[in-house]
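This report concerns only the one structure given below.
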DNA sequence: TATTGTTATACTCTATAACTATA
DNA sequence: TATAGTTATAGAGTATAACAATA
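Quick look at the structure:
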């Protein structure tokens, strides 16, 4: 429908590679720091940080998952770990009995506090020290719309699963159950 | 010793979040595409692509690992998978008998060819369609120095392990072996 | 019937430590 | 002794499918 996508020109290629490598290096370093300073994986840190920012320190599972985790069971698993560590609590939601409300505990906030300084230090050392003030502003100005664009994209997968109605007309003609 | 790293200002925070989320979404989508089009994980794709670009289609293990994988055994594992799938061959290096030369096969190149169009399409759809020509140039201009900066950083871990000599003066007073 | 969340399970990936072999 | 790579193994994480319960 749109572009023929023949290849990437050198600038696109370099931008793509840099983006991937920078994030990979940054994330790896951050993961080591989080693990060492607070025994948290990156995903766990993201979940905790999200709860820390939320009003009341709470989210339901679906809100919490958004953007961090790509499957429900994955979140249940992580939330279970955080709960077992005493960093969050889980309780049935007040308004929707199906829902689970996850709330950060004092211990969770302490853990965040224990981890933040080192986290920020890594970000400065690895990322921001290499950029001028204007560069950072420019980068933010470029990437924020990119994220919005990506969020608006159809998921391409990851959600068309419980689509009951596809009994006929699917790709697989034969006999997969479910 | 150096910066007090009090906190991130809003722009830094936004830049950081955008960077992480954009890359996460992009990578997730790319991984689905690579899996579907060529049954490759992202790491496997990177290794294969790197070999495809190399003169003679070869690298030794250490060169191949650089920047893609963070442990030796991880690369051995992945290389083993690629070899089992017939996409690369492994042979003792000519010049250094300790080394292993990994070479992409014709099947490996075919696999790359099978995967590239969709890969590029995803990149355009998710990333480049949201940016102007100048934006892409700017992004590349910002991130390339960032990567160089990151590469130049001391690894902070991940290599200070076989440092025999630290019998005295280390952090752990006691008796960890090795 | 659709949605929220959990569980069971299988699989992929990563990393540490111990080991072999060559430089 | 240091370096290149492999192996064994253990652990963390992810995803699919099946399930229970509420809307």
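Protein chains in written order, with this note's numbering: chain P, 10 to 187; chain E, 10 to 187.
Just so it is clear, CB atoms sit at the ideal spot from N, CA and C, and this is done for glycine as well.
Remember, it's a predicted structure, so these values are computed and weren't measured experimentally.
| Item | Value |
| --- | --- |
| Closer than 8 Å, Cβ to any Cβ of chain P: which residues of the region 134-148 of chain E, in chain order? | 134, 135, 136, 137, 138, 139, 140, 144, 145, 146, 147, 148 |
| Considering Cα atoms alone, identify which of 28(E), 20(E), 43(E) is closest to residue 126(E). | 43(E) |
| Against residue 83(E), what residues of chain P qualify as contacts under a CB-to-CB distance less than 8 Å, listed in chain order? | Here the premise fails: no neighbours, minimum Cβ distance about 12 Å. |
| With 7 Å set as the bound, which would you pick, yes or no: does the beta-carbon of residue 19(P) sit closer than that to a beta-carbon of chain E? | no |
| Could you give the residue range of the alpha helix (DSSP H) that holds residue 32(P)? | 19-47 |
| If we ignore side chains and look at the alpha-carbon of each, how far apart do residue 33(E) and residue 143(P) end up? | 25 Å |
| Where does residue 97(P) sit, in a helix, a strand or coil, going by DSSP? | strand |
| Less than 8 Å between C-beta atoms, sequence neighbours within five positions excluded: which residues of the same chain meet that for residue 28(P)? | none |
| Near residue 35(E), what residues of its chain come up, given a Cβ to Cβ distance below 7 Å and the 5 sequence neighbours on each side ignored? | 135, 136 |
| Quick one: what does DSSP say residue 119(E) is sitting in, helix, strand or coil? | helix |
| Report all residues from its chain with a CB closer than 7 Å to the CB of residue 116(P); omit the five preceding and five following residues, and keep chain order. | 95, 96 |
| Taking the alpha-carbon positions, what's the residue 122(P) to residue 110(E) distance? | 47 Å |
| Have a look at 50(P), 156(P), 107(P) and flag the residue whose alpha-carbon is nearest the alpha-carbon of residue 90(P). | 50(P) |
| Does any CB atom of chain P fall closer than 7 Å to the CB of residue 106(E)? | no |
| Less than 7 Å separating the beta-carbons of residue 131(E) and residue 87(E)? | no |
| Which residue's Cα is closest to the Cα of residue 153(P): 163(E), 15(E), 21(E), 17(E)? | 21(E) |
| Please report how far the alpha carbon of residue 92(P) lies from the alpha carbon of residue 129(E), in whole angstroms. | 41 Å |
| With 16 as the cutoff for other CB atoms within 10 Å, does residue 74(P) come out buried or exposed? | buried |
| What residues in its chain sit with their C-beta under 7 Å from that of residue 139(P), if we drop five residues either side in the sequence? | none |
| First and last residue of the beta strand (DSSP E) that includes residue 111(P)? | 109-113 |
| My assumption, with CB atoms under 8 Å, is that residue 124(E) sits in contact with residue 47(E). Please give the rounded CB distance. | 4 Å |
| Give the range of the beta strand (DSSP E) segment to which residue 50(E) is assigned. | Looking at the DSSP string, residue 50(E) is not in any beta strand (DSSP E), and its letter there is neither H nor E. |
| Would you say residue 27(P) reaches chain E, if we count a Cβ-Cβ gap shorter than 7 Å as a contact? | yes |
| Kindly list, in the order they appear in chain P, the residues whose Cβ is closer than 9 Å to that of residue 76(E). | 30, 33, 34 |
| Are the C-beta of residue 24(E) and some C-beta of chain P separated by less than 7 Å? | yes |
| Which residues does DSSP list as the beta-bridge partners of residue 67(E)? | 112(E) |
| What residues in the region 152-164 of chain E bring their beta carbon closer than 9 Å to a beta carbon of chain P? | 152, 153, 154, 155, 156, 157, 158, 159, 160, 162, 164 |
| Could you pull the start and end residues of the alpha helix (DSSP H) that residue 161(P) belongs to? | 142-161 |
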